[in-house]
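Throughout the sequence shown, residue numbering follows the UniProt record's numbering, covering 358 to 641 in sequence. Here is the structure we will look at.
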Amino acid sequence: REAKRKGLGAASFEPRLLERARHRALLRDALAEALAEGGLALHIQPQRHLRTGALGGAEALLRWDSARLGRMVPPTEILAAAGEAGLTRALDQWVLRGAIALQREWLGEAGLPQRLGVNISAATLQDPGFAEEVAAALDHAGLPPSALEIEIPEDLAVRDLPAVAETVAALREAGVVLALDDFGAGHSSLAHVVKLPVHRVKLDRSTIERLPDDPRAYAVLRSTLAMARGLELEVVAEGVETEAQAEALRRLGCHVAQGWLVARPMPPEALRDWCAAPVLRAVS
Ligand code: C2E
Ligand code: MG
Ligand code: MG
Ligand code: MG
């Protein structure tokens, strides 16, 4: 990259840098506005048990259709902008409140998910005060702590793991369900599973997409599932797109599937109809 920079010269390089900086500033501005004025949304992606087809929980995923930018902004871009703008904590709070509001609406309704997972940033999980905040919000809403699942991102490697472990232990103590997200995507998953007292692990799509043909993927999954059994963890496969993948996972003893085969993430209003529709096969 250094060579390329020199080759191109400052004259052609700078305008592009400026353009990018301007674009990022606009993104940060638009995000702050969306956060303040209700421009963000949560979509819900349900999960099913691979053996029985029963509902196995659901995940809330951030969506932003920005009028100002004229496009859907993907979560990865939202998170980066939030980080730059110092809005990570505010964003996590918004997601948490949104998920709690939905669970309040669904509480006690047969057929609807009685537990909803939210993705919380590593930075927020480093703050031990976060656990108290979560417990207070659940209590205020009159929800049992088990109505909320917190998904812990894989990128913790670069963060302060002891601080996160403290928050995670406090959340577990409070009765919140904990999942380790993107398991197998990075190098640190095993270290995390040893140090963090989670209930579930979510297998990253990068491994699932190599099913059903890649023997190396089977080897990795077999040992992951053996470990999960030893630690009494529930295993959720992410990004399950085909029945062949579901069948392979079923045979491996994986518990729960999430992915397009089950359902695409959908607006909360659509979930009632989806849940009411009959299940034809175990997962689809
Ligand atoms: P994640 O938590 O691992 O979420 C799963 C991602 O896989 C979602 O992407 C989902 O839409 C996508 N997905 C689900 N099933 C399939 C499938 O069968 N095939 C394929 N190709 N993709 C599938 P999405 O919504 O773009 O989110 C990307 C990542 O952004 C998430 O990965 C999560 O790390 C982060 N994220 C999303 N929402 C939030 C949020 O509210 N807060 C935070 N902090 N992070 C979030
Ligand atoms: Mg997740
Ligand atoms: Mg994931
Ligand atoms: Mg992922």
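From the three backbone atoms N, C-alpha and C, an ideal C-beta is built for every residue, glycine too. As the structure is a computational prediction, the values presented were derived from the model and not from experiment.
Separation of residue j from residue i, as counted between CA atoms
i	j	result
Gln404	Gly468	12 Å
Ala439	Leu392	10 Å
Gly587	Val550	12 Å
Val475	Ala504	11 Å
Ala480	Val577	29 Å
Arg454	Ala601	37 Å
Arg579	Ser545	18 Å
Val636	Ala583	29 Å
Arg425	Ala614	36 Å
Ala493	Arg567	42 Å
Leu464	Glu626	15 Å
Glu548	Glu416	It is worth fixing the name first, because residue 548 is Ala in this sequence and not Glu. So the alpha carbons of these two residues sit roughly 24 Å apart.
Pro554	Pro569	31 Å
Arg629	Pro372	50 Å
Ala447	Leu495	17 Å
Leu451	Leu375	Checking the sequence shown, residue 451 turns out to be Trp, not Leu. Approximately 31 Å, taken between the alpha carbons.
Thr599	Asp512	28 Å
Arg385	Pro572	44 Å
Ala634	Leu436	34 Å
Lys552	Pro502	22 Å
Glu390	Gln402	26 Å
Glu466	Gly413	15 Å
Asp517	Leu590	24 Å
Ala498	Val558	27 Å
Pro510	Gln483	12 Å
Glu434	Ala522	27 Å
Leu399	Arg461	15 Å
residue 329	Thr564	Here the chain covers residues 358 to 641 and nothing more, so residue 329 does not appear.
Arg562	Leu418	16 Å
Ala442	Arg472	31 Å
Distance cut-off 7 Å: residue i Cβ against heavy atoms of ligand 1
i	result
Val475	yes
Ser563	no
Thr433	yes
Pro510	yes
Trp631	no
Asp484	no
Ser580	no
Ala604	Looking at the sequence provided, one finds Glu at residue 604 rather than Ala. Answer for Glu604: no, Cβ out of range of ligand 1.
Val452	yes
Ser546	no
Leu419	yes
Residue environment, residue i, which counts as buried when at least 16 other CB atoms sit within 10 Å
i	result
Thr409	exposed
Ala360	In this predicted model, Ala360 has a pLDDT of only 48, less than 50, meaning its place in the structure is not dependable; the value taken from the coordinates is given anyway. Flag for Ala360 reads exposed.
Glu506	buried
Leu444	buried
Asp422	exposed
Gly427	exposed
Arg621	exposed
Ala594	buried
Neighbour flag for residue i against chain C, beta carbons, 8 Å
i	result
Gly427	Absent from the structure is chain C; it holds one protein chain and no more.
Beta-bridge pairing of residue i - partner residues as DSSP gives them
i	result
Asp571	In the DSSP output, where bridge partners are listed per residue, Asp571 has none listed.
Glu506	Gly474, Val534
Ile401	Ala417, Met623
Gln460	Looking at the DSSP assignment, Gln460 forms no beta bridge with any residue, so it has no partner.
heavy atom of ligand 2 below 7 Å from residue i C-beta
i	result
Glu416	yes
Lys552	no
Asp538	yes
Residue i Cβ short of 7 Å to ligand 3 heavy atom set
i	result
Asp386	no
Glu598	no
Glu566	no
Glu506	no
Glu591	no
Inset, instruction - Please confirm if the stretch 523-535 is in contact with the stretch 483-492, defined as three or more CB-CB distances below 8 Å between the two stretches. - result: yes
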